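Beneath this line is the structure, given in structure tokens, with notes to follow.
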Amino acid sequence: MDVLVIALLGNQEGVLLRISDVIEANMKMQNESFTMKESYTYVKLGATLEVKPILMTLPFMAEETESNLPGSNWYTIKYDGMQGYN
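Residues in the sequence shown are numbered from 113 upward in steps of one, following the numbering used here.
Set out below in structure tokens:
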């Protein structure tokens with residue numbers, strides 16, 4: 113799960129480009145002349161993830177663990193972002 117979070121948050125441009133390909137393909141079903149080059153695209157994403165930590169439980173991470181794992185065995189990651197292009 114840790115790797116999935118890093119992959120999604122680390123490659124935002126690739127994710128946005130793939131989303132734009134899907135949007136363009138869907139829009140072309142209704143209007144064959146539609147192109148993303150003439151459109152504006154924005155994606156707003158808000159997420160709260162709870163993941164079981166792997167490295168966070170190691171002794172050298174004790175300070176970070178205490179502040180982010182209050183009384184549970186799960187690490188909470190909050191993400192809010194908005195990106196767009198035309």
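We put the beta carbon where it would ideally sit given N, CA and C, even for glycine. Remember, predicted model here, so these are calculated numbers, not experimental data.
- Judged by DSSP in its simplified three-state form, Gln-195 adopts strand.
- Within its own chain, the residues whose Cβ lies closer than 6 Å to the Cβ of Ile-189, once the five positions on either side in sequence are excluded, are Leu-161, listed in chain order.
- With distances taken between CA atoms, Trp-186 lies nearest to Val-163 out of Val-163, Met-148 and Ile-131.
- Spanning the alpha carbons of Lys-149 and Gln-124 requires a straight line of approximately 19 Å.
- Secondary-structure assignment with DSSP links Lys-140 through no beta bridge to anything.
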